[in-house]
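Residue numbers (the numbering used here): 90 to 374.
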């Protein structure tokens, strides 16, 4: 079992937790008005760990037959026969239970909303079957991170958390569209849908750029009502803007060779970097 667990963690790319977790942490700092209680912060991290693992396990199970038909994904654990479906289901159930338990440890509202959060993150994996705008659903699923962290600290859903969640939605839409450009032919062969598959790569790149412009706008709007955020945060937004421009400069409609670098490296820096600026700004005051 330890060997299977290691394969599953590798298969779901546990390192990609770096995308959503920083937004949960920065939301916790904003909700707390500074440094959150250590216990709450720990349980927020555990929540993120459980929810993402469950969501990715569900995705791998649901998409196994599609992954097998796609050259880029045919070496994933299930299509390659490295792990059996039963082990993946056990992992999914255990991860879901961990998420619900950690939500219960936070407060009643977090606990009551935890099944809703799981439904949303699971549903994303089914959307490519019927809509080209599955990228929106992924953004919605990841936006649960900052909204949920705010609930964990204050036991409420606030306008501020929704603004940060909206920024996350459009961030994810943008870079998921870029990532989907690599799978256009495979998606058409599997009768799956995406923005690049529906509108072509050239238009998809423009839509991804527009989504990232909206992300920056929401980050700027977030600054106005949030008294905790000042010039340090705005410097972080400027950094994010520059990195997004750089990300789009890496990808051309006739050259997708740098999509992976743009997807993981640049967006990892964006999430961790913005988190650092928010934390410094919160603690500065």
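Just so it is clear, CB atoms sit at the ideal spot from N, CA and C, and this is done for glycine as well.
Run the CB neighbour count on residue i, radius 10 Å, all protein chains shown included, and call it buried at 16 or more, exposed below.
i	result
residue 184	buried
residue 268	buried
residue 350	exposed
residue 260	buried
residue 248	exposed
residue 344	exposed
With residue i as the anchor, note down where its alpha helix (DSSP H) starts and where it stops.
i	result
residue 301	290-312
residue 175	174-195
residue 127	127-151
residue 247	Here residue 247 belongs to no alpha helix (DSSP H), and DSSP marks it neither H nor E.
residue 364	356-373
If you reduce the DSSP assignment to three classes, tell me which class residue i lands in.
i	result
residue 156	helix
residue 344	strand
residue 337	helix
residue 280	coil
residue 122	coil
Using a Cβ-based criterion (distance less than 8 Å to any ligand heavy atom), does residue i qualify as near the ligand MN?
i	result
residue 197	For the structure depicted, the ligand MN is absent and the ligand set is empty, with no information on it obtainable.
Hey, residue i and residue j: beta-carbon distance below 9 Å or not?
i	j	result
residue 174	residue 150	yes
residue 212	residue 282	no
residue 209	residue 229	yes
residue 239	residue 191	no
residue 113	residue 199	no
residue 121	residue 206	no
residue 242	residue 117	yes
residue 330	residue 305	yes
Could you pull out every residue in the same chain whose Cβ sits closer than 7 Å to the Cβ of residue i, ignoring the five residues on either side in sequence?
i	result
residue 342	290, 291, 294
residue 177	97, 146, 149, 150, 167
residue 370	317, 318, 319, 321, 322
residue 310	252
residue 194	132
Short of 6 Å in beta carbon distance, which residues of its chain neighbour residue i, apart from the five on each side in sequence? Order them along the chain.
i	result
residue 280	none
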